[in-house]
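All residue numbers for the sequence shown refer to this note's numbering, where the first residue is 168 and numbers rise by one. Even glycine gets a Cβ: it sits at the ideal position worked out from N, Cα and C.
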Amino acid sequence: MMIKRIGFYGKLPSYGDFITRNVAPELIDKWDNWLSQSLECAQLQLKEQWHQRYLNAPVWRFLLPNDDDQSVVTLGMMMPSTDKVGRIYSFAIFLQAELPSNVFGLVVQLNRYFEQLEDFAISLLDVEELDLDEVQTELEHSSQKQSVKTALLTTNELPICEGEIVAVRLSEVSALAGELAGLIEPLIYTHTACYSAWWTSGSQTRCPQLRIFSQLPAPHCFDTFLEAEQVS
């Protein structure tokens, strides 16, 4: 299984307005509508703390609701950014892959690649003269090097006994993490058929975490993606 499409949308300090490459217009519309409302709500809620909280927020990775095309899954990462004159708006990289039966197994396999994407995106913040076509070429080149083991994207469920909740076949004990990842989605479906997932490696003031929402997060909850949470 390979990544089928990758692109970006948002703002970077080297440009005075929105920049984008290879992201479907309908995805941009949906994303922009949600993010614009979310940023506005967070600014009202955080008041004088808004600017500092936003710029110091961690990079968030995401899995978006699969409303339109049921054959693909849309994932990506979002980092705080501004345009050339300081207007706040996040920069996001979007990628699409063929929809597997074990979506979170795909997430686990792409973890190292997401780390590379984050480092690449952060490096763009300091580039004064940025060639967007070169950015897109680099993203496409990196995505072509990613291969996903399809065998790890299926959940090997076994028949269950009375009172048993889950039974899965393990190839070895070290495969437990991947199998547990495969069980997350069925548990989510007991609550909602359409969801988004958000996770971060954290920062100096925030621990790594995973958050799952029905649909996209409510705009009035966006401040919780920015709040400083002391790591114990």
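| field | Coil, strand or helix - residue 371 by DSSP | value | Three-state DSSP puts residue 371 in coil, outside helix and strand.
| Three-state secondary structure (DSSP) at residue 294? | Of the three classes helix, strand and coil, the one that applies to residue 294 here is coil, per DSSP.
| What distance in whole Å lies between the Cβ atoms of residue 175 and residue 258, which are believed to be in contact at a cut-off of 8 Å? | The Cβ separation is near 7 Å, so the contact holds.
| request: Report buried or exposed for residue 373, applying the criterion of at least 16 other Cβ atoms within 10 angstroms of its Cβ. | output: Residue 373 should be labelled buried.
| message | In the DSSP assignment, the alpha helix (DSSP H) including residue 203 goes from what residue to what residue? | response | Counting along the chain, the alpha helix (DSSP H) containing residue 203 begins and ends at 192-213.
| query | Is it the case that the Cβ atoms of residue 246 and residue 289 are separated by a distance below 8 Å? | reply | Yes, the pair counts as a contact, with Cβ atoms nearer than the cut-off.
| task | Report yes if the C-beta distance between residue 244 and residue 260 is below 8 Å; otherwise report no. | result | Going by C-beta atoms, residue 244 is nearer than 8 Å to residue 260.
| query | With respect to the beta strand (DSSP E) encompassing residue 381, which residues constitute its N-terminal and C-terminal limits? | reply | Under the DSSP assignment, residue 381 falls in the beta strand (DSSP E) whose first and last residues are 376-381.
| task | Reducing DSSP to helix, strand and coil, say where residue 272 ends up. | result | Note: residue 272 maps to helix in three-state DSSP.
| Between which two residues does the alpha helix (DSSP H) harbouring residue 304 extend? | Start and end: 299-311.
| message | For residue 171, tell me which candidate among 198, 389, 241, 222 has the shortest Cα-Cα distance. | response | A check of alpha carbon separations from residue 171 across 198, 389, 241, 222 identifies 241 as the nearest.
| Based on the DSSP secondary-structure assignment, which residues constitute the bridge partners of residue 185? | Residue 185 pairs with nothing; no bridge assigned.
| field | Residue environment, residue 238, which counts as buried when at least 16 other CB atoms sit within 10 Å | value | Its Cβ having fewer than 16 others within 10 Å, residue 238 is exposed.
| message | Which same chain residues end up closer than 6 Å to residue 220 when comparing Cβ atoms and leaving out the 5 residues on each side of it in sequence? | response | Cβ neighbours of residue 220 beyond the five flanking positions: 213, 393.
| What is the DSSP secondary structure of residue 254, reduced to helix, strand or coil? | Assignment of residue 254 by DSSP, reduced to helix, strand and coil, places it in the coil class.
| query | For residue 283, which option in 309, 262, 294 has the closest C-alpha, if you only look at C-alpha atoms? | reply | Minimum Cα distance to residue 283 is reached at 309.
| field | Residues bridged to residue 176 (per DSSP) | value | DSSP, once it has assigned bridges, lists 187, 259 as partnering residue 176.
| Given 8 Å as the limit, is there contact between the region 383-392 and the region 196-216, that is, 3 or more CB pairs closer than that? | Short answer: they touch.
| request: Can you give me the Cβ contacts of residue 295 inside the same chain, cut-off strictly under 7 Å, excluding the 5 residues immediately before and after it? | output: Within the same chain, Cβ atoms closer than 7 Å to the Cβ of residue 295 are found at 181, the five residues on either side in sequence being excluded.
| field | Beta-carbon spacing of residue 370, residue 382 below 8 Å | value | No; because the gap between Cβ atoms is not below 8 Å, this pair is not in contact.
| request: For residue 378, I'd like the list of residues in its chain whose CB is within less than 6 Å of its CB, leaving aside the five on either flank, ordered along the chain. | output: Around residue 378: 365.
| residue 364 (DSSP reduced to helix, strand or coil) | Note: residue 364 maps to strand in three-state DSSP.
| request: Name the two residues that bound the continuous alpha helix (DSSP H) containing residue 266. | output: Looking at the DSSP string, residue 266 is not in any alpha helix (DSSP H), and its letter there is neither H nor E.
| Which residue from 276, 209, 215, 177 puts its Cα closest to that of residue 194? | Nearest neighbour of residue 194 by Cα position, chosen from 276, 209, 215, 177, turns out to be 177.
| message | So the candidates are 307, 367, 292; which of them puts its Cα closest to the Cα of residue 251? | response | Nearest of 307, 367, 292 to residue 251, Cα basis: 292.
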